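A.B. asks: Counting the sequence shown from 1 gives a position; our numbering is that position plus 303. This is the structure I want to talk about, given as structure tokens.
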Amino acid sequence: MSQDNCCCAGNSAGNSCCGAESSVKNSPENTCGCGCQTEETIPTVSASLSFKDILGAWKVRWGIGRNNYKVDPGLCAVGNPDDSSPVFVSANYKLSFDILRKNLAGMDCRILVLDTKGINVWCAAGKGTFGTEELVNRIKTSGLGGYVSHRTVIVPQLGATGVSAREVARLSGFTVIYGPVRAADIKEFVSAGYRAGKDMRTVKFSIRDRIVLTPIEIAEAAKISLSIFGVIFLLNLFAARPLGIKDLIVYIAAILTGTFLTPVLLPFIPGRAFAFKGWILGALITACIVYAFGWFTQPMLLLGIGYMLALPACSAYLALNFTGSSTYTSYSGVIKEIKIAMPVIIFLLASGIVLVLIKTFIG
């Protein structure tokens, strides 16, 4: 506690708190050098999400304001916790924080929010911001020891790769308990004496989980597409065969294949590599559209071949990008796939674009 906050320094009116009694919810008692007592409050947050919270979550799913969607790190309370109430650890990515507090409805507990730079628990654990050093630092700077009689924090299982329970205990004196994968299981986990069954430890990636992650992929692809449409507009000013609505249809189909259909159908597409899955589905859908438009025959064969080279490669790239949102791959696996897939994707994409441009300018 700094000297400026010590009761011995007096308040702004020049009065001292010594001898005064106060009772503040969620406040520990701290002793100044003079022996008097002070109390510090922590904010209490609601377990109910407001319309603003729900709207913010929807916006961030579509990539709107994603880079600044975070809460302040530190300690906060849910309900009316006492010194024996549990402490749950969260990232300061607001979507993660909101999911946690929503599932703590009806409980009296505290949340220790780490500074993960606005990144979710799983990704932050991989990057190191949801890690041992930050957890130990936050335990100390928040004064957590003054609020609880126990020495236990509950860390989400998806953050386990970044947090060493042994080091946390050595450096802070707090024991780490790894909670369930899903926040929805927290109450059952607590009721079971902080024990997680096999189902609570199993990372699932259902079709609903995958669909929820697709909007931001679609939104990012749409932003890039706006620049591409601008280039096409300029090209059409000089083209012998201007790119039109049919070209737009086959392009949009490739985008949706990589950003939506591949993630949704992920377990059912042959192969293990995301890029390969995206390419297979992209090639199938592109071939169907190209055939329907009659581009496999003269005089449109060059255009058809160009699209068959470029668009499945585009779908493959977008599907590869989804590896960062998936529980199917490891970090090393992602790096390996990128090194193998990207040169092939670039070659196919460039070759296809060249053929399409040739057809566009010579007619």
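A virtual CB, placed ideally from N, CA and C, is assigned to each residue, including glycine. Just so it is clear, the structure is predicted and the values come from calculations on it, not from any experiment.
#1: State the Cα-Cα distance for the pair residue 660 and residue 607, rounded to the nearest angstrom.
#2: Assuming residue 471 and residue 438 are in contact, meaning their beta carbons sit under 8 Å apart, how far apart are those beta carbons, in whole angstroms?
#3: Taking only three categories from DSSP, how would you classify residue 479?
#4: Which full runs of the beta strand (DSSP E) of 3+ residues lie inside the segment 414-473, going along the chain?
#5: Return the first residue and the last residue of the beta strand (DSSP E) that residue 377 is part of.
#6: In this structure, how does DSSP classify residue 495 when only helix, strand and coil are distinguished?
#7: So what does DSSP say about residue 654, is it helix, strand or coil?
#8: Here's a check: name, in chain order, each residue in its chain whose Cβ is nearer than 7 Å to the Cβ of residue 514, leaving out the five neighbours to either side.
#9: Could you check what DSSP says for residue 391 in three-state terms: helix, strand or coil?
#10: Output the distance between the C-alpha atoms of residue 380 and residue 522, rounded to the nearest integer angstrom.
#11: Going by beta-carbon coordinates alone, are residue 584 and residue 572 separated by less than 7 Å?
#12: Under 8 Å, with one C-beta from each stretch per pair, do the segment 650-658 and the segment 610-630 reach the 3-pair mark?
#13: Which full runs of the alpha helix (DSSP H) of 4+ residues lie inside the segment 525-573, going along the chain?
#14: Which one of 525, 353, 447 has the shortest CA to CA distance from residue 384?
#15: DSSP three-state call for residue 649: helix, strand or coil?
#16: Roughly how far, in whole angstroms, is the beta-carbon of residue 721 from the beta-carbon of residue 478, given that I think they are within contact range, below 8 Å?
#17: Give me the Cα-Cα distance between residue 401 and residue 534, rounded to the nearest whole angstrom.
#18: Would you decide whether residue 551 is buried or exposed? Buried here means 16 or more other CB atoms lie within 10 Å of its CB.
#19: Provide the residue span of the alpha helix (DSSP H) that contains residue 585, from first to last.
#20: Is it buried or exposed for residue 361, if we count other Cβ within 10 angstroms and need 16 for buried?
#21: What residue from 503, 435, 475, 442 has the CA that sits closest to residue 460's CA?
#22: Out of 664, 623, 563, which one is the CA nearest neighbour of residue 648?
#23: Which value, in whole angstroms, describes the spacing of the CA atoms of residue 626 and residue 581?
#24: Which word fits residue 396, buried or exposed, when buried means at least 16 other C-beta atoms lie within 10 angstroms of its C-beta?
#25: Return yes when the Cβ of residue 378 is within less than 7 Å of the Cβ of residue 475, no when it is not.
#26: Note down the Cα distance separating residue 546 from residue 427, rounded to an integer number of angstroms.
#27: Only counting the same chain, and skipping five residues up and downstream in sequence, which positions put a Cβ closer than 6 Å to that of residue 346?
#28: What's the C-alpha gap between residue 597 and residue 508?
#29: Return the CA-CA distance between residue 484 and residue 403, expressed in angstroms with no decimal places.
#30: Can you check which of these residues, 358, 420, 641, is closest to residue 367 by C-alpha distance?
#31: Using 7 Å as the threshold, is the C-beta distance between residue 386 and residue 452 below it?
#32: I'd like the list of long-range same chain contacts for residue 371, defined as Cβ closer than 8 Å, with 5 residues on each side in sequence excluded.
C.D. replies: For this structure:
#1: In a straight line, the C-alpha of residue 660 is about 12 Å away from that of residue 607.
#2: Indeed they touch by this definition, with Cβ atoms about 6 Å apart.
#3: Three-state DSSP puts residue 479 in a strand.
#4: Listed in chain order, the complete beta strand (DSSP E) runs (minimum 3 residues) inside the segment 414-473 are 455-458.
#5: DSSP places residue 377 inside the beta strand (DSSP E), whose first and last residues are 377-381.
#6: In this structure, residue 495 counts as coil in the three-state DSSP scheme.
#7: DSSP places residue 654 in helix when its eight states are reduced to three.
#8: Apart from sequence neighbours up to five positions away, the residues of its chain that approach residue 514 with a beta-carbon distance below 7 Å are 567, ordered along the chain.
#9: In this structure, residue 391 counts as strand in the three-state DSSP scheme.
#10: The alpha-carbon atoms of residue 380 and residue 522 are separated by roughly 35 Å.
#11: For residue 584 and residue 572, yes; Cβs fall inside 7 Å.
#12: Short answer: they touch.
#13: With a minimum length of 4 residues, the continuous alpha helix (DSSP H) runs that stay inside the segment 525-573 are 548-559.
#14: Minimum Cα distance to residue 384 is reached at 447.
#15: Look at residue 649 here: in three-state DSSP terms it is helix.
#16: There is simply no residue 721 to check, as the chain begins at 304 and stops at 666 in what is shown.
#17: Rounded to the nearest angstrom, the gap between the Cα atoms of residue 401 and residue 534 is 41 Å.
#18: By the 10 Å Cβ count, residue 551 comes out exposed.
#19: Start and end: 577-595.
#20: The residue is exposed, with fewer than 16 neighbouring Cβ atoms inside 10 Å.
#21: Nearest C-alpha to residue 460: 503.
#22: The residue with the shortest Cα to Cα distance from residue 648 is 623.
#23: Those two C-alpha atoms are separated by around 11 Å.
#24: Classification for residue 396: buried.
#25: No, Cβ-Cβ distance for residue 475 and residue 378 is not below 7 Å.
#26: Spanning the two alpha carbons is a distance of roughly 43 Å.
#27: The answer, listed in chain order, is 379.
#28: Distance between the alpha carbons of residue 597 and residue 508 is about 39 Å.
#29: About 11 Å.
#30: The shortest C-alpha separation from residue 367 is found at 358.
#31: Contact: yes.
#32: Answer for residue 371: 421, listed in chain order.
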